[in-house]
Every structure is written in structure tokens, then in C-alpha cells.
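Q:
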Amino acid sequence: MAGQVFGTNSLGGFYQNNELSKQLRLVAQPSKRFRQFVQVKGAKGARKGRHLLFDKNRDLSTHGATLNETSTIPETNFTVGQGTLTLNEYGQAVPWTGFLATLSEFDVEDAVMQNLKNSMVRYLDSQAGIIFTSAELVAQCASTASVVFTTNGTATTTANSDLTGFNWRKIADDMQARNIPFYDGESYICIGTIKAISGLFNDTATSGFVDVKKYTGEFAGSLVRGEAGSYYQGRFVKETNLLDNSIGSSAAFGQAIAFGADAVMEGIAEPEQLRQKVPTDYGRSEGLAWYAMLGWAKIWDETNDADERIVNINAL
Numbered sequence: 006m007a008g009q010v011f012g013t014n015s016l017g018g019f020y021q022n023n024e025l026s027k028q029l030r031l032v033a034q035p036s037k038r039f040r041q042f043v044q045v046k047g048a049k050g051a052r053k054g055r056h057l058l059f060d061k062n063r064d065l066s067t068h069g070a071t072l073n074e075t076s077t078i079p080e081t082n083f084t085v086g087q088g089t090l091t092l093n094e095y096g097q098a099v100p101w102t103g104f105l106a107t108l109s110e111f112d113v114e115d116a117v118m119q120n121l122k123n124s125m126v127r128y129l130d131s132q133a134g135i136i137f138t139s140a141e142l143v144a145q146c147a148s149t150a151s152v153v154f155t156t157n158g159t160a161t162t163t164a165n166s167d168l169t170g171f172n173w174r175k176i177a178d179d180m181q182a183r184n185i186p187f188y189d190g191e192s193y194i195c196i197g198t199i200k201a202i203s204g205l206f207n208d209t210a211t212s213g214f215v216d217v218k219k220y221t222g223e224f225a226g227s228l229v230r231g232e233a234g235s236y237y238q239g240r241f242v243k244e245t246n247l248l249d250n251s252i253g254s255s256a257a258f259g260q261a262i263a264f265g266a267d268a269v270m271e272g273i274a275e276p277e278q279l280r281q282k283v284p285t286d287y288g289r290s291e292g293l294a295w296y297a298m299l300g301w302a303k304i305w306d307e308t309n310d311a312d313e314r315i316v317n318i319n320a321l
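So, in C-alpha cells, the structure goes:
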């Protein structure tokens, strides 16, 4: 038919006035879990150098002797180790033009600020998590009832199984045999991918796994972000930001990190913050950035102290 039609701009389509939603959407964010478990012990501040040194008292060289009535008590000593935490600068910026800010329906600065906050939390948590994944103790789930341990940070076999109840008990027992102290006095923390925690739950749901919704007593009052439940001296936390969810044969099993107390230290010279760019070109160029001067380090390690506090489960 001749005449005016909506489907052709020159014949009427230009008459439309599309409405723009008043709500800005943000992309879904990963769950970030590692940084809540670091020990903030090095709030250095400015003008104190880039490196934070920390001392570690090792055990006595000997631990006692049986005495005769007239014998003297033997004397001994202990060695002191020293670790180093290095501070680095971190940041990300987003600039925009004054032209965009003037003509935009939305507040550009608010939109940039929301995205920068997400970026800051996501990136800094991953940097803390990388220190956890540097554990020299590695536990590979070789089968549903077999775990292969190494102490040099390198796996010698492929992960061929979920983190089953048997495998977790084996790992927790090994940690306890190494005298790794519990994180909270009663349990270790295990941060795992969705597949890793799901595998454990599927294997133990009817044989001891306690869902976080059924916590009572001390655990109920000390929940950590992302906690899914507890099982045999372990509290399990889901994470989607850093760890490999597709590790192992057939990409089926997922990575996890288990640790006890005093595992990773954080040093702070400049805490994370948002900084506004000084406008240039007579106000036509603007911007925001997040910035921080931080650092992380393992407190104990296997090579120097024979006292690693972290286990990398189903490592790369």
C-alpha cells in the first residue's frame, strides 16, 4: 500500500521517540573471598620504605631432657626467620569528555564510580588470592579415595576426582599432622570453586556436611562471606573470581585452597580509594580512578620454615 508506514524512516519511522530506561544495568560480579582472610599487620603509612620486614620465631633446637638430681638443666636456643612484604601501586582509571557529561541522560561520574568500585574490589581480592595459590603444599585428588601430596608447589598428577569427603578428611588430617593451627581454633578454611564445593557437598550431604543455614553456636555468630557449610574440621567458602573451576581431567573438578591461622599478611601504605582527575582542557576532559599502595606475603613457607600454612587442592 502507498502512504505512510512505520517501517521506513522517511515515510514515518522518524516519528518514533524511543524511551530510554532510567535504570543503568551493571554486569554481574564474581564472588570475591580471599581478602577477608588476610592478617592486616603492616599498616605502614607513608615515608617508611617499600618493604615491610617481619620476624618469625622458630621452635627451640631441643625440647627438654630427663634430669638427674644433681644434673643441671640443659640450655638451648632457637632461630629467628625474617620475611619480606613488598608494597606495590595498583590502580585503574576511566576518563570521559565534558561533551558526554553535558549531553548524557545519566550522571556519567556516578556510572564510572560504580564500575570502578567493582573493578577495585575484584582486582585487589585476586592479588591477595594469588599469594594463597602460591602454596608449596599441593594436594591432588587422584581418585575419589586417594590424594597425592607434594611439598614443592608442583603437582605430580592430574586431578581425577572431585573433592570428596574421603579426600577432604585426608587433607585435613595431613594439615593437622603438620601442626597447622586451625583458622578459628576448631576448623580450617577451604575456599573453593563452585564445582569443588559442589563435589564435596554431593558426596557428604547425607554423611556429615552441615549447611550454613543449620549452623548453631559459635559458627552461627562468626560467618564469613560466601560460607556454604562445614564438614570434618573444615569451613567451606564458594569463590568465582580467581580459582580455576574447570581444572582436572575432563575439566570437571575445580580448584580449592585450604589454610589455617596466620597464613597471609597484608601491608598498607595507601588504602584503596577513588581519586578524581584534575580536569584539563578547560574542563573538557574529566576522569576517575581507583588507587592503592598495598602488598601481600605468605607469613610461613615450606622452604624456609618447614611450616607452610596453606594447601593448594587440585592445583594447576
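Residue numbers for the sequence shown follow this note's numbering, beginning at 6 and rising by one. Here a beta-carbon is modelled for each residue, glycine too, at the ideal position from N, C-alpha and C.
List the DSSP bridge partners of ARG240.
A: Here residue 240 is taken as the residue at index 235 of the sequence shown, counted from 1. Answer is ILE194 and SER235.
Q: Under 7 Å, do GLY265 and PHE187 count as touching if we go by C-beta distance?
A: Translated into the one-based positions of the sequence shown, residue 265 becomes position 260. Translated into the one-based positions of the sequence shown, residue 187 becomes position 182. Yes.
Q: Take the Cβ of GLU291 as the centre, count every other Cβ of all protein chains shown within 10 Å, and call the residue buried at 16 or more, exposed below.
A: Mapped onto the sequence shown, residue 291 falls at position 286. Classification of GLU291: buried, given that the 10 Å Cβ count is 16 or more.
Q: Counting pairs of Cβ atoms below 8 Å between the segment 113 to 131 and the segment 143 to 161, do you hit three or more?
A: Touching, no.
Q: PHE258 to SER212, Cα distance in whole Å?
A: Taking the sequence shown and counting its residues from 1, one reaches residue 258 at position 253. Taking the sequence shown and counting its residues from 1, one reaches residue 212 at position 207. Between PHE258 and SER212, the C-alpha separation is close to 20 Å.
Q: If you run the structure through DSSP and keep just helix, strand and coil, what is TRP301?
A: Residue 301 sits at position 296 when you count from the first residue of the sequence shown. Correct three-state label for TRP301: strand.
Q: Return the CA-CA distance between GLY69 and ARG63, expressed in angstroms with no decimal places.
A: As a working note, residue 69 is residue 64 in the sequence shown. As a working note, residue 63 is residue 58 in the sequence shown. Going by the C-alpha atoms only, they are around 16 Å apart.
Q: I want to check one thing, is the minimum distance from the CB of ASN123 to the heavy atoms of the ligand NAP below 6 Å?
A: As presented, the structure is devoid of all ligands, the ligand NAP included, so that no description of it is given.
Q: Using DSSP with H/G/I as helix, E/B as strand and the rest coil, what is GLN28?
A: Position 23 of the sequence shown, counting from 1, holds the residue named residue 28. The answer is coil: DSSP assigns GLN28 none of H, G, I, E or B.
Q: Kindly confirm or deny that the segment 278 to 292 and the segment 76 to 94 touch, where touching means at least three C-beta pairs closer than 8 Å.
A: The segment 278 to 292, when compared against the segment 76 to 94, does not touch it at the 8 Å Cβ threshold.
Q: Between TYR296 and GLY239, is the Cβ-Cβ spacing less than 7 Å?
A: Numbered from 1 along the sequence shown, position 291 holds the residue referred to as residue 296. Numbered from 1 along the sequence shown, position 234 holds the residue referred to as residue 239. Not closer than 7 Å, so no.
Q: Comparing C-alpha positions only, which one of ASP167, THR156 and SER131 sits nearest to ASP179?
A: Residue mapping note: residue 179 aligns to position 174 of the sequence shown, counting from 1. Of the listed residues, the one whose Cα sits closest to ASP179 is THR156.
Q: Roughly how many angstroms separate the alpha carbons of GLY190 and ASP267, rounded to a whole number?
A: Taking the first residue of the sequence shown as 1, we reach residue 190 at position 185. Taking the first residue of the sequence shown as 1, we reach residue 267 at position 262. Taking the straight line joining both Cα atoms gives about 12 Å.
Q: Considering only residues of the segment 113 to 169, which uninterrupted alpha helix (DSSP H) runs meet the minimum length of 4 residues and lie entirely inside it, listed in chain order?
A: Within the segment 113 to 169, the complete alpha helix (DSSP H) runs of at least 4 residues are 113 to 137.
Q: Report the option in GLN281, ILE304, ASP306 and TRP301 whose CA atom is closest to the CA atom of GLU114.
A: Here residue 114 is taken as the residue at index 109 of the sequence shown, counted from 1. Comparing Cα positions, the closest option is GLN281.
Q: Taking the continuous beta strand (DSSP E) assigned at ALA261, which residues delimit it?
A: In the sequence shown, residue 261 corresponds to position 256, counting from 1. Unbroken beta strand (DSSP E) run through ALA261: 261 to 264.
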